[in-house]
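Residue numbers (numbering that gives the first Met the number 0): 0 to 204.
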Amino acid sequence: MKGFILHIQPVRDEDCIVTILSPHQIGTYYRFYGARHSVIALGFLIDFEIEGEDGRFMPRLRGVSHISFDWLGNNAKWLLWHQWIQALSKHLKEVEEVDSFYYNLLLKSAQRMTKQNTKRVVVESYLELLAFEGRIYRQERCYICQTPLDTRVSLMQSFKLVHPQCIHAPSLDKKSMMRAFETHSTIYLDDSDVDYLMGVVQRGL
């Protein structure tokens, strides 16, 4: 079985409880002496086995091996990946059964990060997530004051469009943002726009 580690909770001694996103579920498992093993790390893709799924106790994680990516030695990429994993973990909190979309989204994101700009990968992945969940904001009115939007817009959580003056935030071109909504691509956005959008993602999904 393969999955991404979404959360690690230390418990007694060096044991830990590990939350893993697999293609069709989010499972919580006990790992003896997990703190000793570098293979148990937030955001890692692992291959693993489960034992003790009889319902009496928490299932145990065993036979763990790490599936690596070329960019893992890049600290800047690793930090942004951590932030993306933490945001997704909070978004999926208390969910057990999930569509394979979420696992595949992380897998594709991790594979793309080898050659592509990490912030653009995360922002584009988030655009895909919003579209999958039916949360793309397509209205031409400000989410806060409900009056028509101008040519420059700011964004709230979930990329809701607002007037810059309504939240006292930087702005970007509305037409470019609408294209990003349609294409799930940041090709029409410059690096400063992507930096701004990454900041919105970091505040929560």
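Yeah, the Cβ is synthetic: ideal placement off N, Cα and C, and Gly gets one too.
- Message: For a minimum of 3 consecutive residues, which ranges assigned as the beta strand (DSSP E) are wholly contained in the stretch 106-193?
- Response: 151-154
- Message: According to DSSP, is Phe43 part of a helix, a strand, or is it coil?
- Response: coil
- Message: With DSSP as the reference, identify every bridge partner of His6, one or two as the case may be.
- Response: Thr18
- Query: Using the rule of at least 16 other Cβ atoms within 10 Å of the residue's Cβ for burial, across every protein chain shown, is Arg134 buried or exposed?
  - Reply: exposed
- Does the count of Cβ pairs from the stretch 17-32 and the stretch 83-99 closer than 8 angstroms reach three? yes
- Whose CA, out of Arg151, Ile143 and Asn73, lies closest to the CA of Ile166? Ile143
- Query: Can you tell me whether DSSP reads Val63 as helix, strand or coil?
  - Reply: strand
- Pick from Asp69, Phe43 and Leu128: whose alpha carbon is nearest that of Val63? Phe43
- Message: Output needed for Thr117: all residues of its chain with C-beta closer than 6 angstroms, excluding positions within five of it in sequence on either side, in chain order.
- Response: Lys76 and Leu79
- Roughly how many whole angstroms lie between the Cα atoms of Thr113 and Asp190? 18 angstroms
- Query: According to the neighbour-count rule (16 or more other Cβ atoms, all chains shown, within 10 Å of its Cβ), is Arg119 buried or exposed?
  - Reply: buried
- Query: When the Cβ atoms of the stretch 146-158 are set against those of the stretch 191-201, are three or more pairs found closer than 8 angstroms?
  - Reply: yes
- Query: From what residue to what residue does the beta strand (DSSP E) around Gly72 run?
  - Reply: Where Gly72 is concerned, there is no enclosing beta strand (DSSP E), given that its DSSP letter is neither H nor E.
- Task: Tell me whether Lys1 sits in a helix, a strand or coil according to DSSP, three-state version.
- Result: strand
- Message: What does the alpha-carbon distance come out to for the pair Leu41 and His6?
- Response: 6 angstroms
- Message: Beta-carbon within less than 7 angstroms of Glu123's beta-carbon, same chain only, minus the 5 sequence neighbours each way: which residues are those?
- Response: His183, Ser184 and Thr185
- Are Tyr136 and Lys173 close, meaning C-beta to C-beta below 7 angstroms? no
- Message: Please tell me whether Val17 and Leu60 are closer than 7 angstroms, where the distance is taken between their beta carbons.
- Response: yes
- Task: Return the residue from the list Ser37, His65, Phe68 and Arg30 that minimises the CA-CA distance to Met57.
- Result: Arg30
- Query: Exposed or buried, what is Tyr125 when buried is set at 16 or more other beta-carbons lying within 10 Å of its beta-carbon?
  - Reply: buried
- Query: Within 10 angstroms of its Cβ, does Ala130 collect 16 or more other Cβ (buried), or is it exposed?
  - Reply: exposed
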